[in-house]
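Enquirer: Going by my numbering, the letters in the sequence shown line up with residues 572 to 896, in that order. The structure's right below; bear with me while I get my questions together.
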Amino acid sequence: MPDLVRMGWTSKLGFAASSPGSPPTDPTEMIEFLDEGISDSQVREQSAGITGIRSEPADRMLEMSRSVGGSITFEPTPETLLAWLPRIFGAAAGAPVAGVTPFTLGNLIPSVDVFALKGTDGASETALHIFRECKVASAVFTAQEGSRLRCTLNLVGKDRDAAINTAYTWPALTYDRQKFWRFADCTLTIGGTGYQFYRFALSVDNLLGTRMMSGSLTPVEFPSSGRRTMLGLSTPWGNGRSLHQTLRTTQLSTAVLKLTYDSGANERYLQFNLPNLIPPLNRSPVVPGREEIRYDVELMACATTSAGAVADGSELTASVKAAGS
Numbered sequence: 572m573p574d575l576v577r578m579g580w581t582s583k584l585g586f587a588a589s590s591p592g593s594p595p596t597d598p599t600e601m602i603e604f605l606d607e608g609i610s611d612s613q614v615r616e617q618s619a620g621i622t623g624i625r626s627e628p629a630d631r632m633l634e635m636s637r638s639v640g641g642s643i644t645f646e647p648t649p650e651t652l653l654a655w656l657p658r659i660f661g662a663a664a665g666a667p668v669a670g671v672t673p674f675t676l677g678n679l680i681p682s683v684d685v686f687a688l689k690g691t692d693g694a695s696e697t698a699l700h701i702f703r704e705c706k707v708a709s710a711v712f713t714a715q716e717g718s719r720l721r722c723t724l725n726l727v728g729k730d731r732d733a734a735i736n737t738a739y740t741w742p743a744l745t746y747d748r749q750k751f752w753r754f755a756d757c758t759l760t761i762g763g764t765g766y767q768f769y770r771f772a773l774s775v776d777n778l779l780g781t782r783m784m785s786g787s788l789t790p791v792e793f794p795s796s797g798r799r800t801m802l803g804l805s806t807p808w809g810n811g812r813s814l815h816q817t818l819r820t821t822q823l824s825t826a827v828l829k830l831t832y833d834s835g836a837n838e839r840y841l842q843f844n845l846p847n848l849i850p851p852l853n854r855s856p857v858v859p860g861r862e863e864i865r866y867d868v869e870l871m872a873c874a875t876t877s878a879g880a881v882a883d884g885s886e887l888t889a890s891v892k893a894a895g896s
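In structure tokens, the structure reads:
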């Protein structure tokens, strides 16, 4: 009797920078992930008209398009963020200083090939799928009471290679698997004042479109119509009142969201700086009943402009301390 069952724990996920002229054959990095939903979609349509036949003729089913997309959820470590923040932000990392690497927003979203091993039979690796030229359409960092920090990436790509059913060489997972940021490691300051909250969600949406040009069944380009950066907060109304009142008249300035573990030479942190936060909708809370009243708000990170140019770092920056100083 053949072994037909494939378990998720036998899966692997790797990546390599895309190179259309000479596609990579091996991943150069791996990630420890919670789930992945990357798949290829192939669309076929029945092209038969009215011929007096009720059935669907097999020879009239035509392939119309193919594309790649889906999500990856993982718990970030400093090392994974060094690789993924440039792919999310669209700009290369800055030079590290005392173990701290800065990241700013840019306009060039790099492509990455995704190597997804979707289960094995324990004896040989089967069904390795390679998804080509994927970009980060959006990314969401979130944490809430009693949880660890998670990141969900939504990717779009061009096509998938034929599945490979032979053994494969993977790079090592080199980071410390025990160290992740927890919600308890979170702090939020706005204008130098600390605020308490129950949950946050920081999202970067690159607003990518999918364009299939003539002569191609697969996407050729992923043009961006802009970028939307949002910070969602769920806060106790006791400290949300001051936030609400401020937002009725002005914007929030110099917001800093930071997650830190350990100290001294072992300190590792992720810090987001959002200098200009404005709510598209500022709504006072409602009373849900006897339970707690909360102030939930969605804030848009906006940029400072002068003479049509965006001031550096005025929308969102990040810093990752991934090494000892």
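A virtual CB, placed ideally from N, CA and C, is assigned to each residue, including glycine. Quantities reported herein were computed from a predicted structural model and do not represent experimental measurements.
How would you write the range of the beta strand (DSSP E) that Glu-862 sits in, first residue to last?
Expert: Here residue 862 corresponds to residue number 291 of the sequence shown, with the count starting at 1. Unbroken run through Glu-862: none, as it is neither H nor E.
Enquirer: Taking Ile-659 and Ala-710 to be in contact with their CB atoms under 8 Å, please state how far apart those CB atoms are, rounded to whole angstroms.
Expert: The residue labelled residue 659 in the question sits at position 88 within the sequence shown. The residue labelled residue 710 in the question sits at position 139 within the sequence shown. With 8 Å as the limit, Ile-659 and Ala-710 qualify as a contact, their Cβ atoms being about 4 Å apart.
Enquirer: Classify Ile-609: buried if its beta carbon has 16 or more other beta carbons within 10 angstroms, exposed otherwise.
Expert: Position 38 of the sequence shown holds residue 609. Classification of Ile-609: buried, given that the 10 Å Cβ count is 16 or more.
Enquirer: Relative to the C-alpha of Ala-893, which residue among Val-881, Ala-836, Leu-852 and Ile-864 is closest?
Expert: Indexing the sequence shown from 1 puts residue 893 at position 322. Considering only alpha carbons, the answer is Ala-836.
Enquirer: Which same chain residues end up closer than 6 Å to Met-572 when comparing Cβ atoms and leaving out the 5 residues on each side of it in sequence?
Expert: Working through the sequence shown from its first residue, we reach residue 572 at position 1. Only weak support exists for where Met-572 lies, its pLDDT of 39 falling under 50; the value from the coordinates is given anyway. Once the five neighbours on either side are set aside, Met-572 has no close Cβ partner at all.
Enquirer: Nearest-angstrom Cα distance between Pro-790 and Gly-670?
Expert: Here residue 790 refers to the residue found at position 219 of the sequence shown. Here residue 670 refers to the residue found at position 99 of the sequence shown. C-alpha separation (whole angstroms): 39 Å.
Enquirer: Tell me the DSSP bridge mates of Asp-684?
Expert: As a working note, residue 684 is residue 113 in the sequence shown. Paired residues: Ala-587.
Enquirer: Within a Cβ cutoff of 7 Å, which residues of the same chain sit near Gln-617, ignoring the five residues on either side of it in sequence?
Expert: Walking along the sequence shown from the start, residue 617 turns up at place 46. Excluding sequence neighbours, Gln-617 sits near Glu-627, Arg-631 and Met-632.
Enquirer: Which residues share a DSSP beta bridge with Gly-728?
Expert: One-based indexing of the sequence shown puts residue 728 at position 157. Note: Gly-728 sits in a beta bridge opposite Val-639.
Enquirer: I'd like to check one pair, Ala-662 with Leu-676: are the Cβ atoms closer than 8 Å?
Expert: What you label residue 676 is simply residue 105 of the sequence shown in a count that begins at 1. What you label residue 662 is simply residue 91 of the sequence shown in a count that begins at 1. Yes, Cβ-Cβ distance for Leu-676 and Ala-662 is below 8 Å.
Enquirer: Tell me which same chain residues have a C-beta within less than 7 Å of the C-beta of Ser-590, skipping the five on either side of it?
Expert: Start at 1 with the first residue of the sequence shown, and residue 590 comes out as number 19. Counting only Cβ-Cβ distances below 7 Å, and skipping sequence neighbours, we find nothing.
Enquirer: Using the C-alpha atoms, what's the distance from Leu-804 back to Leu-584?
Expert: On the sequence shown, residue 584 is found 13 positions in, with the first residue counted as 1. On the sequence shown, residue 804 is found 233 positions in, with the first residue counted as 1. Using only the alpha carbons, I get a separation of about 31 Å.
Enquirer: Judging by CA-CA distance, which residue of Ser-638, Arg-625 and Ile-624 is the nearest neighbour of Ser-612?
Expert: The residue labelled residue 612 in the question sits at position 41 within the sequence shown. The candidate whose alpha carbon is nearest that of Ser-612 is Ser-638.
Enquirer: Apart from the five residues just before and just after Pro-673, which ones in its own chain have a Cβ nearer than 6 Å to its Cβ?
Expert: Looking up residue 673 in the sequence shown gives position 102. Excluding positions up to five away in sequence, the list reads Gly-665 and Ser-890.
Enquirer: Quick check on the burial criterion: 16 or more other C-beta atoms within 10 angstroms. Buried or exposed for Trp-580?
Expert: Within the sequence shown, numbered from 1, the residue matching residue 580 stands at position 9. Exposed is the call here.
Enquirer: Taking the C-alpha atoms as reference points, what is the distance between Ile-624 and Ile-602?
Expert: Here residue 624 refers to the residue found at position 53 when the sequence shown is read from its first residue. Here residue 602 refers to the residue found at position 31 when the sequence shown is read from its first residue. Going from the Cα of Ile-624 to the Cα of Ile-602 covers about 52 Å.
Enquirer: From what residue to what residue does the beta strand (DSSP E) around Pro-856 run?
Expert: Locating residue 856 in the sequence shown gives position 285, where the first residue counts as 1. No beta strand (DSSP E) holds Pro-856; DSSP gives it neither H nor E.
Enquirer: Hey, Ala-587 and Asp-597: beta-carbon distance below 8 Å or not?
Expert: As a first step, residue 587 is located in the sequence shown; it is residue number 16 there, counting from the start. As a first step, residue 597 is located in the sequence shown; it is residue number 26 there, counting from the start. Yes.
Enquirer: State yes or no: is the C-beta of Leu-845 within less than 8 Å of the C-beta of Leu-818?
Expert: If you number the sequence shown from 1, residue 845 lands on position 274. If you number the sequence shown from 1, residue 818 lands on position 247. No.
Enquirer: Write down the C-beta distance between Asp-684 and Pro-595 rounded to the nearest angstrom, noting that I regard them as a contact closer than 8 Å.
Expert: Residue numbering aside, residue 684 sits at position 113 when the sequence shown is read from its first letter. Residue numbering aside, residue 595 sits at position 24 when the sequence shown is read from its first letter. Indeed, because the Cβ distance is near 6 Å, the residues count as touching under 8 Å.
Enquirer: What are the partner residues of Leu-814, as DSSP defines its beta bridges?
Expert: As a position in the sequence shown, residue 814 is number 243, starting the count at 1. Leu-814 is not bridged to any residue.
Enquirer: Using the C-alpha atoms, what's the distance from Ala-619 back to Val-775?
Expert: Your numbering for residue 775 matches position 204 in the sequence shown. Your numbering for residue 619 matches position 48 in the sequence shown. Each residue's alpha carbon lies about 43 Å from the other.
Enquirer: Roughly how far, in whole angstroms, is the beta-carbon of Asn-725 from the beta-carbon of Ser-642, given that I think they are within contact range, below 8 Å?
Expert: Against the sequence shown, residue 725 aligns to sequence position 154. Against the sequence shown, residue 642 aligns to sequence position 71. The Cβ separation is near 5 Å, so the contact holds.
Enquirer: If you check the beta carbons only, do Ala-687 and Leu-802 fall under 8 Å apart?
Expert: Taking the first residue of the sequence shown as 1, we reach residue 687 at position 116. Taking the first residue of the sequence shown as 1, we reach residue 802 at position 231. Contact: no.
Enquirer: Measure the beta-carbon distance from Lys-706 to Leu-779 and round it to whole angstroms, keeping in mind my assumption that it falls under 8 Å.
Expert: Numbered from 1 along the sequence shown, position 135 holds the residue referred to as residue 706. Numbered from 1 along the sequence shown, position 208 holds the residue referred to as residue 779. Confirmed, Cβ separation roughly 6 Å.
Enquirer: One question on the structure: do Phe-645 and Cys-722 come within less than 8 Å of each other, judged by their Cβ atoms?
Expert: Counting from 1 along the sequence shown, the entry for residue 645 is found at position 74. Counting from 1 along the sequence shown, the entry for residue 722 is found at position 151. A contact, by the Cβ cut-off of 8 Å.
Enquirer: Determine the extent of the beta strand (DSSP E) in which Arg-798 is found, giving its start and end residues.
Expert: Against the sequence shown, residue 798 aligns to sequence position 227. Looking at the DSSP string, Arg-798 is not in any beta strand (DSSP E), and its letter there is neither H nor E.
Enquirer: With DSSP collapsed to three states, give me the class of Phe-751.
Expert: Taking the sequence shown and counting its residues from 1, the one referred to as residue 751 is at position 180. Three-state DSSP puts Phe-751 in coil, outside helix and strand.
Enquirer: State the start and end residues of the unbroken alpha helix (DSSP H) segment that holds Thr-651.
Expert: Position 80 of the sequence shown, counting from 1, holds the residue named residue 651. 649-660 is the span of the alpha helix (DSSP H), which, as asked, contains Thr-651.
Enquirer: Rounded to the nearest angstrom, what separates Val-868 and Glu-838 at their Cα positions?
Expert: Here residue 868 refers to the residue found at position 297 when the sequence shown is read from its first residue. Here residue 838 refers to the residue found at position 267 when the sequence shown is read from its first residue. Spanning the two alpha carbons is a distance of roughly 31 Å.
Enquirer: Using the C-alpha atoms, what's the distance from Ser-636 back to Gly-786?
Expert: Translated into positions along the sequence shown, residue 786 becomes position 215. Translated into positions along the sequence shown, residue 636 becomes position 65. Taking the straight line joining both Cα atoms gives about 11 Å.
Enquirer: Could you spell out where the beta strand (DSSP E) holding Glu-646 opens and where it closes?
Expert: The residue given as residue 646 occupies position 75 in the sequence shown. No beta strand (DSSP E) contains Glu-646, which DSSP labels as neither H nor E.
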